[in-house]
Amino acid sequence: MLTYTIRRLVLAVPTLFFISLVIFLLLELAPGDPMAQVPLTVPAEVKEQMREALGVGQPIWISFPKWLYQFFVIEPQVLFDHYFGTSFSEGDFRAISWQTRSPVMDIVVQRLPQTLWVVGTAYVVGFAIAIPVGIYSAYRQYSLFDNAGTFVTMVGFSVPPFFSGVLVIVIFSVQLGWFPSIYDTTLVVNSWETFVKQINQMFLPVMVLALQITSQISRFMRSSMLDNLNQDYVRTARAKGLKERTVVMVHVVRNSMIPVVTVMALSVPQIFGGAIITEQVFKVNGIGQLLITAIEANDLPMVQTLTFIFAVLIVLFNLIADVLYGILDPRIRYE
Amino acid sequence: MSDYDTNTPKAPDTATAMDGAAEGLTGRTPLSDPIPVAPPKSQWADVWSQFTHHRGAMISLFILAVIVLGVFLGPFIWRADPQAIPSVVDMIKQRDARPVYVTLWDGSAKTTWANPLGTDNLARDNLARLMYGGRVSIAVGLLAMALSIVLGAFIGVVAGYFRRLDAPLMRLTDLFLALPLLPLILVGSLLFREPLAAVFGIEGGTFVLIVSLIGITSWMQTARIVRGDVLALKEREFVLAAKSVGTQPGKLIRKHVLPNVMSPIMVSATLGIATAIITESALSFLGFGFPPDFPTWGRLLNDSVDRMVLYPERVVWPGLLISLTVLCVNYLGDGLRDALDPRIRGR
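Line by line, the protein sequences give chains A and B.
Numbering of the first sequence is given in our numbering, commencing with residue -9 and proceeding in unit increments.
Numbering of the second sequence is given in our numbering, commencing with residue 9 and proceeding in unit increments.
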């Protein structure tokens, strides 16, 4: 198992390298000039110097290794310095955003908590609903609950977040006035009232994201349960006189969870991707919104870093899914 | 008993056949065993009869047909121009009309039968815009799906059939699966907009751009499924037989392999339409799709979000149509998968 994990880890390195190169080459083609917003009164040679300072127009064999070095060497040092008060990164040049002229990672770190809060809560809520629904609708296949559940999950699966988000805003925040439609990032949670306020403003985006997660996972859980319910070991368990509850909740559910757990891991990057749209609808200024504004403003270092972070998430959670699958299912161990 | 009479209804005949079987067990000569009554059905007739049993899929097929016909034939009946903006005075008089059904609960609302679904803030007819928007959305969905299926099936068949190409092609598939697709589509739609607009015009360029971006980023699942099936097929006797009579690889793939992997391809094609429509709408919604005055469902939704409190219908109709189309397509895919799976056919 360990060798398998290590082999997968080693394989992830060239994959990530290749992805970052692909992203870099794609962005290399980008039209647009970071100096477009600078006033015309600034003389041309000053602009040229500013361009040079930002590292615009460097050939790719210089800019790409430089970016790699900044991302993998300097940024960890900065993080280390931040936590332990050391000064490894002093005098190093960090990747600078063309929009704000401040280090890219600083902005990402500012934006990350909002995304993590919304996405994380939606993830937990989604799974907490999906798994019981999946279990029950498989156990009572073709019952009223199952048919209704299948229909609702199909709808949740088909309604895009930019419509469901807008719809819940119209219903819950405009007509009923229960929840705010805009996420207030400046809110500091330090008392019971602010906590309630935070829950209030998180409710709608979490609901929209959780609907998608729930519909995907409960369909998966249901079909996985159905596969297992007809297996011989279930008959054996019943035949030896176990309680029905034990048979289903212990034997069947545990085995059905194996593929579902890997899907859990695989869906994490997907949810981050889906959060791009949800953040736009609810005006949450998380990393999805940061990406959109960066693309619109031609802020290439920011786009490069954010896209790469998304890629790292995908590769990382693919790896986690594979390893989990190996741990949970002894039949699938690639030694 | 007229065993060869195919006009007799099926059910009673089967019943007599069953009786015959039962009597045959109680000591009749083997010669009087029942002979199959109905002529053998083709595979696709079988699939269709199984498909008609899937109630959700049949209802979806009907709704989808209504939407598609309405969107493509509707503009020939409802001849309002989706782009025409009347002169200033008329525009101010006619704009922001509500749909006619609003009078049911709000008698003072500004409605007119000239625009059954109301007008937008530039006095353009909402119904006509919905129809034209639907044309574009559905066309993007179909073409992007076709592109992704062709790519996916090609790569899948080649990887499965030619052992030497298997590893590199599958690594490529894995790599594509590891790419963050939505961010890259967003970046791509910004990068290649101008060069393509120069060649095909602004609208045509955006159309080509979005179709190819979605197609290029969604072929991987199809390729994986097809490759797996081809690998299994390659070991079967009929492929060996075809090879042993000297069939060339190209012909063998076309005549023997491809027809046998049609069912997974068709299922992923159906589901691919749904993803393509959603991606296109998401792009338009984020402002990376078609230009503002060019109606597509996602664009219409995006343009109306700012004033959705006053004019909820402008958000609800395009959103509803997107969701309904995608829902129907997903149900169709479900029904198709059930119908094409021989293990559950006839159950």
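Cβ atoms here follow ideal geometry from the backbone N, Cα and C, with glycine treated the same way.
Bear in mind that the values here come from a model prediction, so they are computed numbers and not experimental data.
Residues of the same chain with a CB within less than 8 Å of the CB of residue 201 (chain B), apart from the 5 flanking positions on each side, are 213, 214, 217 in chain order. In the assembly as shown, residue 269 (chain A) is a buried residue. Its beta-carbon has 16 or more other beta-carbons within 10 Å.
Neighbourhood of residue 297 (chain A) in chain B, by CB distance below 8 Å: 188, 191, 192, 195, in chain order. At a cut-off of 7 Å between beta carbons, residue 107 (chain B) makes no contact with chain A. According to DSSP, residue 93 (chain A) shares a beta bridge with A:86. Using a CB distance below 9 Å, the part of the segment 142 to 153 of chain A facing chain B consists of 144, 145, 147, 148, 149, 150, 151, 152, 153, ordered along the chain. In the three-state reduction of the DSSP assignment, residue 130 (chain A) falls in the coil class. Its chain contains 171 as the residues whose beta carbon lies nearer than 6 Å to that of residue 159 (chain A), once the 5 sequence neighbours on both sides are disregarded; these appear in chain order.
Boundaries of the alpha helix (DSSP H) harbouring residue 308 (chain A): 290 to 318, taken from the DSSP string.
A direct Cα-Cα distance of roughly 5 Å separates residue 246 (chain A) from residue 215 (chain A). Remark: C-beta atoms of residue 55 (chain B) and residue 347 (chain B) approach each other more closely than 7 Å. The Cβ-Cβ distance between residue 234 (chain B) and residue 164 (chain B) falls below 7 Å.
The beta-carbon of residue 110 (chain A) is placed no less than 7 Å from the nearest beta-carbon of chain B.
In the three-state reduction of the DSSP assignment, residue 87 (chain B) falls in the coil class.
From the beta-carbon of residue 301 (chain A), the residues of chain B found nearer than 7 Å are 186, 187, 188. Taking all protein chains shown into account, residue 288 (chain B) has 16 or more neighbouring C-beta atoms within 10 Å of its C-beta and is therefore buried.
It is roughly 29 Å from the alpha-carbon of residue 241 (chain B) to the alpha-carbon of residue 61 (chain B). Taken in chain order, the unbroken stretches of alpha helix (DSSP H) that lie wholly in the segment 295 to 322 of chain B and span 4 residues or more are 305 to 312. In the three-state reduction of the DSSP assignment, residue 217 (chain A) falls in the helix class, which pools H, G and I. In summary, the residues of the segment 299 to 319 of chain B whose CB is separated from some CB of chain A by less than 7 Å are 309, 313, 316, 317, in the order they occur in the chain. Among the residues facing chain B, residue 160 (chain A) is included, as its CB has a counterpart in that chain under 7 Å away. Identification of residues in the segment -2 to 10 of chain A having a C-beta nearer than 7 Å to some C-beta of chain B yields 5, 8, 9, given in sequence order. If the five residues before and after residue 205 (chain B) are omitted, its C-beta is found closer than 6 Å to the C-beta atoms of 213, all from its own chain and listed in chain order. Interface flag for residue 341 (chain B) against chain A is unset, since no Cβ pair is found closer than 7 Å. Leaving aside the five residues that flank residue 192 (chain A) on each side, the residues in its chain whose CB is nearer than 8 Å to its CB run, in chain order, 107, 108, 111, 173. Between residue 304 (chain B) and residue 298 (chain B), the CB-CB gap stays under 7 Å. DSSP places residue 243 (chain B) outside any alpha helix (DSSP H), giving it a letter other than H or E.
Within chain B, not a single residue places a beta-carbon under 8 Å from that of residue 64 (chain A); the smallest gap is close to 23 Å.
Under the rule that a run must span 4 or more residues, the alpha helix (DSSP H) segments found entirely inside the segment 179 to 243 of chain A read 182 to 219, 222 to 229. Straight through space, the alpha carbons of residue 130 (chain B) and residue 93 (chain B) are spaced by roughly 6 Å. In the displayed model, residue 114 (chain B) falls within coil according to three-state DSSP, outside both helix and strand. For residue 338 (chain B), at least one C-beta of chain A is nearer than 7 Å to its own C-beta. Residue 182 (chain B) carries a helical assignment under DSSP once its states are collapsed to helix, strand and coil. For the segment 305 to 318 of chain A, the beta-carbon criterion of a distance under 8 Å to any beta-carbon of chain B is satisfied by 305, 308. Interface flag for residue 331 (chain B) against chain A is set, since a Cβ pair is found closer than 7 Å. Taking a 10 Å sphere around the C-beta of residue 66 (chain A), we find fewer than 16 other C-beta atoms and assign the residue as exposed.
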